[in-house]
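Trainee: The working numbering puts the first residue of the sequence shown at -6, with every later residue one more than the last.
Sharing a structure here in structure tokens format.
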Amino acid sequence: MFYVASTEFKSWQQALATAITDPNVLWQLLQLPADQLPAAERAVATFRLKVTHSYCARMKRGDWHDPLLRQVLPLGEELAQVDGYHADPLAEQSFHSIMPQSTGILQKYAKRVLLISTGTCAVHCRYCFRRHFPYHQAQLNAPLWENALTILRDNTQIEEVILSGGDPLILSDNKLRQWMEQLAHIPHLKRVRFHTRLPIVLPLRINAALLDWISQTRLTVIMVIHANHANEFNSEVYEKLADLRMAKVQLLNQAVLLRGVNDQLQAQVELSEALIAGGVLPYYLHLLDKVSGAAHFDVPKAQALQLHRQLQSQLSGYLVPKLVEEIPGQPAKTWVF
Ligand code: SF4
């Protein structure tokens, strides 16, 4: 079996539609150990496998410990019940929802509103803190979008809209163009922030239509790209990041500190260097949100602090991301020190 190269696809939608969702296919493509397959099949019954060909092509065949593979690899460990790990580790479904029930409109922080724009992603990251999120209740369908606009118009304190998900860039360019136009008509809004992995895992998505609606808006557009390892960057990713920069998008990165992926000093140094080479500022390094099924990724806080101190001694200050954790109920991310 072979990867399908980006150049073979007619569109990003076609590339997305052919993402790998069957563990058997992933195992054959990457020549993974057959004895690990049954556990993977049990794990995907709770959280589906999904990975694009583009992302898969950056993994090393036969390497069970490949840092990109680990991020999407279903493992039997996910099924263990571990104390302190919960389905909704940030209490989003109860604590932060502005609306009476989970509706995808969350206000975690002052002056900012977060909209769960879609439940769909191009990859399923096994550490995702929303892996159990009830997206079916919380996607922004037309009535909820109208609700969101009303909330945004009425609350003149709000300056920034954060589009999260799922991955907001999964939505069509027509819809995103329309949303951006409607948001731009709300005078007190200044910025729209997209939290997206698509520039990394499906770079084809950064196409002419997307760059067009971005360059039309009066709002400052920020993209937080969620890269976790230097191996995620290749020439195609760098080309697309350059296109985004040309369209005046401000690029930031938010990584998660993951055992077996990027918990070594060298990996963090290389990640910061890969980011800045693409014009992306390393912004946050997050401790793992303790979501059920992801305990095997945890890096203890003391180890994270030590790693962060070492990073400070190796890199210029602007290349050192802030080490943070999210604590439900806190008005901002909490710095770890
Ligand atoms: S929401 Fe983000 S972290 Fe979660 S699965 Fe989708 S792309 Fe991965």
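Don't be surprised by glycine CBs; every beta carbon is placed ideally from N, CA and C.
Given Ala288, which residues of its chain have a CB within under 6 Å of its CB, disregarding the five upstream and five downstream residues?
Mentor: Val75, Tyr78
Trainee: Provide the residue(s) that pair with Gln243 in DSSP beta bridges, ordered along the chain.
Mentor: BP columns for Gln243 point to Ile215.
Trainee: Looking at Leu108 and Ile98, is the spacing between their C-beta atoms short of 9 Å?
Mentor: Between Ile98 and Leu108, the gap from beta carbon to beta carbon is short of 9 Å.
Trainee: From the DSSP output, in three-state form, read off Met92 for me.
Mentor: For Met92, the predicted structure reports a pLDDT of 47, less than 50, and the residue's modelled location is therefore unreliable. The matter cannot be settled from this model.
Trainee: Kindly say whether Leu62, judged by its beta-carbon, lies nearer than 9 Å to any beta-carbon of chain D.
Mentor: In the displayed structure, chain D is absent; only one protein chain is listed.
Trainee: On a CA-only basis, which of Phe226, Val154, Ala73, Glu263 is nearest Leu182? Give me that one, please.
Mentor: Sorting Phe226, Val154, Ala73, Glu263 by C-alpha distance to the C-alpha of Leu182 places Val154 at the top.
Trainee: Would you identify the three-state DSSP class for Tyr231, choosing helix, strand or coil?
Mentor: helix
Trainee: Determine the burial state of Trp172: buried for a count of at least 16 other Cβ atoms within 10 Å of its Cβ, exposed for fewer.
Mentor: buried
Trainee: For Leu258, which residues from the same chain have a beta carbon less than 8 Å from its beta carbon, with the 5 sequence-adjacent residues on both sides left out?
Mentor: Leu300, Gln303, Leu304, Gln307
Trainee: Between the alpha carbons of Arg54 and Asp81, how many angstroms are there, rounded?
Mentor: About 34 Å.
Trainee: Sort out for me which residues DSSP pairs Phe126 with in a bridge.
Mentor: Under DSSP, Phe126 takes part in no beta bridge, so it has no partner.
Trainee: At what residues does the beta strand (DSSP E) containing Leu329 begin and finish?
Mentor: Here residue 329 turns out to be Val, not Leu, going by the sequence shown. If you look at Val329, you'll find it isn't in any beta strand (DSSP E); DSSP assigns it neither H nor E.
Trainee: Would you say the beta carbon of Cys49 comes nearer than 8 Å to a heavy atom of ligand 1?
Mentor: no
Trainee: Pick from Asn227, Trp328, Ile269: whose alpha carbon is nearest that of Tyr311?
Mentor: Ile269
Trainee: Report the partner residues of Ser157 according to the DSSP bridge assignment.
Mentor: Ile109
Trainee: Determine the burial state of Lys198: buried for a count of at least 16 other Cβ atoms within 10 Å of its Cβ, exposed for fewer.
Mentor: For the sequence presented, residue 198 should be read as Arg rather than Lys. Arg198 should be labelled buried.
Trainee: Take the Cβ of Phe187 as the centre, count every other Cβ of all protein chains shown within 10 Å, and call the residue buried at 16 or more, exposed below.
Mentor: buried
Trainee: Among Asp56, Leu42, Gly69, which residue has its Cα nearest to the Cα of Ala12?
Mentor: Nearest in C-alpha terms to Ala12, of all of Asp56, Leu42, Gly69, is Leu42.
Trainee: According to DSSP, which residues form a beta bridge with Pro275?
Mentor: Asn246
Trainee: So, at 8 Å on beta carbons, what are the nonlocal neighbours of Val317 in its own chain, with the 5 sequence-adjacent residues on each side left out?
Mentor: Tyr277, Leu278, His279, Leu280, Lys326, Thr327, Trp328, Val329
Trainee: Between the segment 210 to 229 and the segment 32 to 42, are three or more C-beta pairs nearer than 8 Å?
Mentor: no
Trainee: Three or more beta-carbon pairs under 8 Å between the segment 143 to 152 and the segment 112 to 128, yes or no?
Mentor: no
Trainee: How long is the line joining the alpha carbons of Arg238 and Gly272, rounded to whole angstroms?
Mentor: When rounded, the distance between both Cα atoms is 8 Å.
Trainee: Would you check whether ligand 1 has a heavy atom nearer than 8 Å to the C-beta of His188?
Mentor: True, at least one ligand heavy atom lies under 8 Å from that Cβ.
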